[in-house]
Amino acid sequence: MSPKEPTSTLYATTFPILTSILKTLLHLLRTAERTHSNPSSLLLNSRLHATMYPLTDQIRIATTFSVRLFARLTNHPEADTLPTTLLPEGNPQTFAECYERIDKVLELLKDADNDATKEVVNANAETVKPAPMGPGVE
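Numbering of the sequence shown is given in the numbering used here, commencing with residue 768 and proceeding in unit increments.
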């Protein structure tokens, strides 16, 4: 009797979800830009709650995390530096910069939607790798 195929894979539980989150973020930004008459800087620097980061920080964190995860799971040769070489430094300051940043990550994830990459990602499911995150790590 052969072992059963897993019902869910590491690839299926990461890359499509990251893509969905980033597309939702794009939708929210486009809706906000279209429906609010406030200056974009006011909206982009807003917080839903005093303890939350501003929206521009949320975008930076979501995109940087996505690139770091992509790099680690695909064994990218520049895993440690990919976020800083692919994405602009700091927070986006305009809607256009937000869209550009998110689009770059979505393109990266789209290019990874192939059998070879899925195989590498799924093979890394049981691999433990350091992931530099936290204060002082950009």
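Using N, Cα and C, we set each Cβ at its ideal position, and we do this for glycine too. Predicted model only: the values in this text are computed from it and were never measured.
Taking R839 as part of the alpha helix (DSSP H), name the residues at either end of that continuous run. Here the question's residue 839 lines up with position 72 in the sequence shown. L822 to L840 is the extent of the alpha helix (DSSP H) around R839.
Could you tell me how far apart the beta carbons of I828 and R868 are, in whole angstroms, since I believe they sit closer than 8 Å? Sequence index remark: in the sequence shown, residue 828 carries index 61 (1-based). Sequence index remark: in the sequence shown, residue 868 carries index 101 (1-based). Rounded, the Cβ-Cβ distance is 11 Å, inconsistent with contact.
CB T818 to CB N858, shorter than 9 Å? For the purposes of this step, residue 818 is identified with residue 51 of the sequence shown, where counting begins at 1. For the purposes of this step, residue 858 is identified with residue 91 of the sequence shown, where counting begins at 1. Result no, Cβ atoms of T818 and N858 do not sit closer than 9 Å.
Mind checking whether L875 and F837 have CB atoms under 9 Å apart? Start at 1 with the first residue of the sequence shown, and residue 875 comes out as number 108. Start at 1 with the first residue of the sequence shown, and residue 837 comes out as number 70. Their beta carbons are under 9 Å apart, which means L875 touches F837 by this criterion.
Hey, out of L854, T774, L853 and D847, whose CA is closest to K896's CA? Along the sequence shown, read from residue 1 onward, the residue named residue 896 stands at position 129. Ranking L854, T774, L853 and D847 by Cα distance to K896 puts D847 first.
Between K885 and T786, is the Cβ-Cβ spacing less than 9 Å? The residue you call residue 885 lines up with position 118 of the sequence shown. The residue you call residue 786 lines up with position 19 of the sequence shown. Not a contact, by the Cβ cut-off of 9 Å.
Do M888 and T776 have their C-beta atoms within less than 9 Å of each other? Position 121 of the sequence shown holds residue 888. Position 9 of the sequence shown holds residue 776. The question names Met, but residue 888 is Val in the sequence shown. Yes, Cβ-Cβ distance for V888 and T776 is below 9 Å.
For F832, which option in R814, L854, T791 and L815 has the closest C-alpha, if you only look at C-alpha atoms? As a first step, residue 832 is located in the sequence shown; it is residue number 65 there, counting from the start. Among R814, L854, T791 and L815, the Cα nearest to that of F832 is on L854.
Taking just the CA atoms, how far does V834 sit from V872? Locating residue 872 in the sequence shown gives position 105, where the first residue counts as 1. Locating residue 834 in the sequence shown gives position 67, where the first residue counts as 1. Taking the straight line from one Cα to the other gives about 7 Å.
Where does the unbroken alpha helix (DSSP H) through T851 begin, and where does it stop? For the purposes of this step, residue 851 is taken as the residue at position 84 of the sequence shown. L849 to L853 is the extent of the alpha helix (DSSP H) around T851.
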